[in-house]
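See below for the structure under consideration.
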Amino acid sequence: MLLIPCPWCGERDETEFRYGGEAHISRAPNPDAVDDAAWADYLYMRDNLKGVFAERWVHQAGCRRWFKLLRDTVSHRIIAVYKIGETPPPGSLPAGSHGGDP
Amino acid sequence: MQRYSFAALARRALGRHRGWTPLWRKAAPKPRYHVVIIGGGGHGLATAYYLAKEHGIRDVAVLEKGAIGLGNTGRNTTIIRSNYLWDESARIYEHSLKLWEGLSRELNFNLMLSQRGVLNLAHTLADVREGVRRVNANRLNGIDAEWLEPEAVKRFCPILSIDRAARYPVLGATLQRRGGVARHDAVAWGYARAADAQGVDIVENCEVTAIRTTGGRVGEIETSRGTIFADKLAICAAGHSSVLAAMAGVRLPLQSHPLQALVSEPVKPVLDCVVMSNTVHVYVSQSDKGELVMGAGIDAFNSYAQRGSFPIIEAQMAAALELFPLFSKLKMLRSWAGIVDVSPDASPIVGKLPIDGLYLNGGWGTGGFKATPGAGHLFAHTIAHDAPHPLAAPFALDRFTSGALVDEHGAAAVAH
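Each protein sequence line maps, in turn, to chains C and R. Using this note's numbering, the letters of the first sequence correspond one by one to residues 1 to 102. Using this note's numbering, the letters of the second sequence correspond one by one to residues 1001 to 1416.
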């Protein structure tokens, strides 16, 4: 069971949230200009990291706002929480992730 | 290999059961193999067995980071069926079911296959339409399938509640009589024994830590037991597919999630078929020991932890009690989770990766156990010929670029 720190509402039970998958995946600014491989990469390919992972959550049964977590996918420990449009706290970004762009 | 038979059993009994030999050698890794398979679960061991038996490739190692069969092979709910909607899926799962049917004899190992029938319940009008459509699609693909009205469901599974006043009443069910359960550990042990007898090295406690590629080809593999060179490298690592592919610089369309299951205390025989429901989302069967084995859906978040959250179990038990009110007095003995690699279209990826000599059999998500013999058979063909078997061809990685998905998410029974 996860106790998730919503940046607006504080710590709440996991059942109040919905999962949004891997964070920092941006749609191409001009979708018509990208080829099939780049489009597949955006739609389907994921880092699926073992270890520290940047992911999106929405507080569905609360403030209904999206935010991001850095969470360890082995220990389930939550390392950092940050809002949409923000970058992860310095030094906490997982190695190998695409992280950084909002 | 010691052959098992009644005579062999009697002979050993007279000798006080001394002289039984281990099922497979504890092989130490050699510095070089033609084919290295990563993952000593059912899929990896089946692949090794069919490589040796069907293609004469015996210079094979199966690397297992722990011990044989302790990953998802030992963590699933042992259900076997082939009643998938789309032609591509129906063919691959039916291929597997046909192999299951002769496998105990072929491996000379009792897999305790019990074709007791699998019910997929319908609780809404949409479920009914989907179920009838799937029955028709299955029949067109030569797969046994029947549609049962509620009274017939009750006759087939008398302890199931078909109360019309229930919150999710049973409006009917699909039935695949050839579906059922098998002993999951035995599948791994049987394939390991048979592969070992053909000369395959089964290397346990050997974790792959790095994969080196040179000139777009696989080469050396770093492991916890030394460096191994492989002409061909095959990934059969289920939940860790992404981790291993990343070592070779390949990204996959997979997400790893915990899939939980649990068993009750053992009780006398009460349920002689497999009952699955997508809408209330639980699947139940009774093991030979008498435990009720139950599974449900994945935890939504990514995880490699082999444990999930309690609300999933709570929802699953609520669903089970809705269908079987008499289970309310049962105590649950233990629960666990396996890490499943889920693909966007709920179909597997079996084929070549964009690096020469690198192959993947993964993305089976929540439904890989039933596919064990078929996946191994088709994957071995793919490795041996460096080209996909026709049945595996629709499940190549490039379908995510071409858009030719095999979308079994909403189509077949979601629960595997």
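Ideal Cβ placement from N, Cα and C applies to all residues, glycine included.
Within the segment 1148-1199 of chain R, the complete beta strand (DSSP E) segments of 3 residues or longer fall at 1172-1176, listed in chain order. Straight through space, the alpha carbons of R:S1277 and R:V1267 are spaced by roughly 22 angstroms. Taken atom to atom, the span from the alpha-carbon of R:R1212 to that of R:G1295 is near 39 angstroms. For C:F67 against C:C6, the beta-carbon gap comes to about 7 angstroms, under 8 angstroms, which counts as contact.
When only Cα atoms are considered, R:A1048 and C:L70 end up about 39 angstroms apart. Around the beta carbon of R:T1372, 16 or more other beta carbons sit within 10 angstroms, so the residue counts as buried.
Rounded to the nearest angstrom, the gap between the Cα atoms of R:Q1176 and R:G1117 is 5 angstroms. If you draw a straight line from the Cα of R:A1238 to the Cα of C:D72, it comes to about 20 angstroms. Annotation for C:D13: the continuous beta strand (DSSP E) segment containing it runs 10-13.
Sequence-ordered contacts of the segment 1245-1268 of chain R with chain C read A1246, R1251, L1252, P1253, L1254, Q1255, S1256 [C-beta pairs closer than 8 angstroms]. Around the Cβ of R:K1232, a 10 Å sphere holds 16 or more other Cβ atoms; the residue is buried.
DSSP links R:A1122 through a beta bridge to R:G1172. One finds T73, V74, S75, H76 in chain C with Cβ atoms closer than 8 angstroms to the Cβ of R:A1305, taken in chain order. Of the residues assessed, R:D1299 falls on the buried side of the cut-off, its CB having 16 or more other CB atoms within 10 angstroms. At a cut-off of 9 angstroms between beta-carbon atoms, R:T1401 makes contact with chain C. One finds nothing in chain R with a Cβ atom closer than 8 angstroms to the Cβ of C:F67; even the nearest lies about 14 angstroms away. Think of a sphere of 7 angstroms around the beta carbon of C:A37: the chain R residues whose beta carbon falls inside it are T1401, in chain order. Taking all protein chains shown into account, C:I84 has fewer than 16 neighbouring C-beta atoms within 10 Å of its C-beta and is therefore exposed. Bounds of the alpha helix (DSSP H) holding R:G1376 are 1372-1385.
Contact annotation for R:V1350 against chain C: no contact, minimum CB-CB distance about 17 angstroms [criterion: below 7 angstroms]. As for any beta strand (DSSP E) of minimum length 3 sitting wholly inside the segment 1059-1084 of chain R, the runs are 1060-1063, ordered along the chain. Judged by DSSP in its simplified three-state form, R:Q1115 adopts coil rather than helix or strand. Chain-order list of chain R residues neighbouring C:E55: F1301, N1302, by C-beta distance under 9 angstroms. Per DSSP, reduced to three states, the secondary structure at C:W66 is strand. DSSP places R:A1245 in no beta strand (DSSP E) but in the uninterrupted alpha helix (DSSP H) bounded by 1241-1247. Note that the C-beta distance between R:V1275 and R:L1323 is below 9 angstroms.
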